[in-house]
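Visitor:
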Amino acid sequence: YKLLDQRLPKPDVVIYMQANPEVLMKHIKLRNKDYEDAIDAEYIQKVSQAYSQYFFQYQESPLLIVNTSGLDFVNHVKDYEMLKNELLYLINSGQEKHYVTIDPR
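Here our numbering runs 87 ahead of the position in the sequence shown, where the first position is 1.
1) Please classify residue 153 as buried or exposed, where buried requires at least 16 other C-beta atoms within 10 Å of its C-beta.
2) Need the endpoints of the alpha helix (DSSP H) that residue 131 sits in, please.
3) Which ranges would you report for the beta strand (DSSP E) in the region 91-115 if only whole runs of at least 3 residues count?
4) State buried or exposed for residue 155, treating a residue as buried only when at least 16 other CB atoms are found within 10 Å of its CB.
5) With the cut-off set at 7 Å, would you say residue 180 and residue 97 are in Cβ contact?
6) Mapping the DSSP letters down to three states, classify residue 120 as helix, strand or coil.
Here it is, written out as structure tokens:
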């Protein structure tokens with residue numbers, strides 16, 4: 088892994104879109120994919136925790152962390168615009184990390 092990691096270019100920015108496990112399970116059920124039937128809430132909780140721990144320590148490039156639990160990029164253009172504006176803010180501000188939490192509608 089470390090050998091491969093040294094060869095890969097570092098991204099200009101990383102966006103970590105997180106959501107609470109209940110929302111993730113709802114999305115999985117809405118997709119209704121046979122291969123996702125065996126995914127349970129405990130597994131989603133563990134994966135979510137692992138991602139959170141990883142990105143809490145991430146320092147390779149600027150990081151935008153967005154809680155998407157209350158967002159709907161497909162049906163609400165304003166949510167997409169908010170994401171775009173926050174990304175531009177991160178890039179232009181020179182910050183290394185920027186956390187965004189938007190209250191559900």
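Backbone N, C-alpha and C define an ideal beta-carbon position, used for all residues, glycine too.
Note that this is a predicted model, so its numbers are computed, not measured.
Guide: Taking the structure as given:
1) Locating residue 153 in the sequence shown gives position 66, counting from the first residue. It is buried - the Cβ of residue 153 has at least 16 other Cβ atoms within 10 Å.
2) Translated into positions along the sequence shown, residue 131 becomes position 44. Taken as a continuous stretch (DSSP letters only), the alpha helix (DSSP H) holding residue 131 covers 128-144.
3) 101-105
4) Working through the sequence shown from its first residue, we reach residue 155 at position 68. With 16 or more Cβ atoms within 10 Å of its Cβ, residue 155 is classed as buried.
5) Here residue 180 refers to the residue found at position 93 of the sequence shown. Here residue 97 refers to the residue found at position 10 of the sequence shown. Going by C-beta atoms, residue 180 is not nearer than 7 Å to residue 97.
6) Here residue 120 corresponds to residue number 33 of the sequence shown, with the count starting at 1. Coil, per DSSP.
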